[in-house]
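In UniProt numbering, the protein residues as written are 1 to 296.
Have a look at the structure below before the remarks.
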């Protein structure tokens, strides 16, 4: 690989725009690929804004050769829509960094990347799309990656940017911890409320019970999570701005498909695999699935 690796990004939504802006700010502007030919991307943050020049490419046929590093920032519900992009952007020398939710990123993307290495990640920052199509970054961006040779390519690309990168020898545990946080956020969809809802004592009690269920499944899957994790996650929601949303809530309010399976259904599925009862998931998952897919 050259000293200046070629970088592409699929999916310039909230997370994708944040990463693209971090790269552009230090002179490593990625090739942008997506559904809509935006002339530019705009990231707003506490001290100003960053404009990433476009255009966003919309036709995989415009890609002349594979890239060294490809960030995938589409939701898991959209993977089928980017198969042509992955085929054009990837070969066996590419590293594909999945900026996606869940603990199954590698198995989801591996069939489509022409033998490229798929690198999962955990995204630790809230960014939300605004009505004017800009993105509002509400906290300092940070990624966690597994401690592997492929991760060094991402570390190098994001070095000296506003997005920090942590490497973990126990990535599985960290990925499951984030999944627990995402899973309990599904309650916001069912109530159609933002983070302020967790101030209710009854919602706090439900969240803690659900997180305990998720924790049991996560441990069976190999995650080394402590007993304190459910309370820590609920405390974080208590401390969040009352108007803080989540991507799955935004999708529900826009009547888009929901990532219910990768965020919530996975707990139910793994519970069945390990013979663990999941009574709360057995209520939550069908309701989220119906909210996503109907009928009705």
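Built from N, CA and C at the ideal position, the CB exists for glycine as well.
Judging by CA-CA distance, which residue of 236, 275 and 250 is the nearest neighbour of residue 217? Here the question's residue 217 lines up with position 217 in the chain shown. Taking only the C-alpha atoms, the option nearest residue 217 is 275.
Residue 96 vs residue 70 beta-carbon contact at 8 Å: The residue given as residue 96 occupies position 96 in the chain shown. The residue given as residue 70 occupies position 70 in the chain shown. Going by C-beta atoms, residue 96 is nearer than 8 Å to residue 70.
Nonlocal neighbours in the same chain, by C-beta distance under 7 Å from residue 310, ignoring five residues either side: Nothing can be reported for residue 310: it is not among the residues displayed for the chain, which extend from 1 to 296.
Which residues in the same chain as residue 212 place their Cβ atom closer than 7 Å to its Cβ, once the five residues preceding and following it in sequence are excluded? Taking the first residue of the chain shown as 1, we reach residue 212 at position 212. Result list for residue 212: 230, in chain order.
If I'm right that residue 52 touches residue 29 with Cβ under 8 Å, what's the distance once you round it to whole angstroms? Mapped onto the chain shown, residue 52 falls at position 52. Mapped onto the chain shown, residue 29 falls at position 29. Contact flag correct, Cβ pair sits at about 7 Å.
Exposed unless 16 or more other CB atoms sit within 10 angstroms - verdict on residue 107: Against the chain shown, residue 107 aligns to sequence position 107. Label assigned to residue 107: exposed.
Quick test of your reading: residue 12 and residue 153, contact by CB under 8 Å. State the CB separation rounded to the nearest angstrom. Here residue 12 corresponds to residue number 12 of the chain shown, with the count starting at 1. Here residue 153 corresponds to residue number 153 of the chain shown, with the count starting at 1. Not confirmed; about 20 Å, so no contact.
Within the same chain, show all residues whose beta-carbon is closer than 6 Å to that of residue 182, passing over the 5 residues directly before and after it, in chain order. Here residue 182 refers to the residue found at position 182 of the chain shown. Answer for residue 182: 101 and 263, listed in chain order.
Mind checking whether residue 10 and residue 74 have CB atoms under 8 Å apart? Working through the chain shown from its first residue, we reach residue 10 at position 10. Working through the chain shown from its first residue, we reach residue 74 at position 74. Yes, the pair counts as a contact, with Cβ atoms nearer than the cut-off.
List in chain order: all unbroken alpha helix (DSSP H) runs of 4+ residues lying wholly within the UniProt domain "Ketopantoate reductase N-terminal" (7-148). 14-25, 83-89 and 105-109
Can you check which of these residues, 260, 142 and 228, is closest to residue 127 by C-alpha distance? One-based indexing of the chain shown puts residue 127 at position 127. Among 260, 142 and 228, the Cα nearest to that of residue 127 belongs to 142.
Whole angstroms is fine: what's the gap from residue 282's alpha carbon to residue 273's? Taking the first residue of the chain shown as position 1, residue 282 is located at position 282. Taking the first residue of the chain shown as position 1, residue 273 is located at position 273. Distance between the alpha carbons of residue 282 and residue 273: 14 Å.
8 Å Cβ cutoff met for residue 162 and residue 22: Residue 162 sits at position 162 when you count from the first residue of the chain shown. Residue 22 sits at position 22 when you count from the first residue of the chain shown. Yes.
Please report the Cβ distance between residue 280 and residue 209, rounded to the nearest whole angstrom; I am assuming they are in contact, meaning their Cβ atoms lie under 8 Å. For the purposes of this step, residue 280 is taken as the residue at position 280 of the chain shown. For the purposes of this step, residue 209 is taken as the residue at position 209 of the chain shown. Yes, residue 280 and residue 209 are in contact; Cβ-Cβ is about 6 Å, under 8 Å.
Which two residues bound the contiguous alpha helix (DSSP H) that contains residue 282? Residue mapping note: residue 282 aligns to position 282 of the chain shown, counting from 1. 281-293 is the extent of the alpha helix (DSSP H) around residue 282.
Buried or exposed (CB count within 10 angstroms, at least 16 for buried), residue 48: The sequence position of residue 48 within the chain shown is 48, counting from 1. So residue 48 ends up on the exposed side.
Residue 202, enclosing alpha helix (DSSP H) - first and last residue: Counting from one through the chain shown, the residue named residue 202 turns up at place 202. First-last of the alpha helix (DSSP H) with residue 202: 201-220.
Measure the C-alpha to C-alpha separation of residue 140 and residue 43 and round it to an integer number of angstroms. Along the chain shown, one-based indexing puts residue 140 at 140. Along the chain shown, one-based indexing puts residue 43 at 43. So the alpha carbons of these two residues sit roughly 12 Å apart.
Can you tell which of 197, 261, 145 and 56 has its C-alpha closest to the C-alpha of residue 119? By one-based count along the chain shown, residue 119 stands at place 119. Closest by alpha carbon: 145.
Just list the residues that DSSP pairs residue 167 with in beta bridges. The residue given as residue 167 occupies position 167 in the chain shown. Answer is 145.
Does residue 292 pass the burial test, meaning 16 or more other C-beta atoms within 10 Å, or should it be called exposed? Stepping through the chain shown from its first residue, residue 292 is reached at position 292. Answer is buried; the Cβ neighbour count reaches 16.
Suppose contacts are defined by Cβ-Cβ distances below 8 Å. Is residue 207 in contact with residue 187 by that definition? The sequence position of residue 207 within the chain shown is 207, counting from 1. The sequence position of residue 187 within the chain shown is 187, counting from 1. Going by C-beta atoms, residue 207 is nearer than 8 Å to residue 187.
Quick one: Cα of residue 221 to Cα of residue 39, how far? Taking the first residue of the chain shown as 1, we reach residue 221 at position 221. Taking the first residue of the chain shown as 1, we reach residue 39 at position 39. Roughly 44 Å between the two C-alpha positions.
Could you work out which residue in 98, 205 and 113 is closest to residue 233 when comparing CA atoms only? Stepping through the chain shown from its first residue, residue 233 is reached at position 233. When each option's Cα is compared against that of residue 233, the closest is 205.
Euclidean distance between Cα positions of residue 137 and residue 244: Sequence index remark: in the chain shown, residue 137 carries index 137 (1-based). Sequence index remark: in the chain shown, residue 244 carries index 244 (1-based). About 12 Å.
Whose CA, out of 285, 266 and 258, lies closest to the CA of residue 77? Locating residue 77 in the chain shown gives position 77, counting from the first residue. Nearest C-alpha to residue 77: 258.
Hey, would you say residue 240 sits closer than 8 Å to residue 260, going by beta carbons? Within the chain shown, residue 240 is the residue found at index 240, counting from 1. Within the chain shown, residue 260 is the residue found at index 260, counting from 1. Against a cut-off of 8 Å, the Cβ pair of residue 260 and residue 240 comes out as no contact.
Starting from the C-beta of residue 268, find all residues in its chain whose C-beta is less than 8 Å away, skip the five residues before and the five after it, and write them out in chain order. What you label residue 268 is simply residue 268 of the chain shown in a count that begins at 1. So the list reads 278, 281, 282 and 285, once near-sequence residues are dropped.
How many Å lie between residue 60 and residue 85 at the Cα? Within the chain shown, the letter at position 60 stands for residue 60. Within the chain shown, the letter at position 85 stands for residue 85. Cα-Cα distance, rounded: 5 Å.
Which residue comes first and which comes last in the alpha helix (DSSP H) that contains residue 248? As a first step, residue 248 is located in the chain shown; it is residue number 248 there, counting from the start. Unbroken alpha helix (DSSP H) run through residue 248: 247-253.
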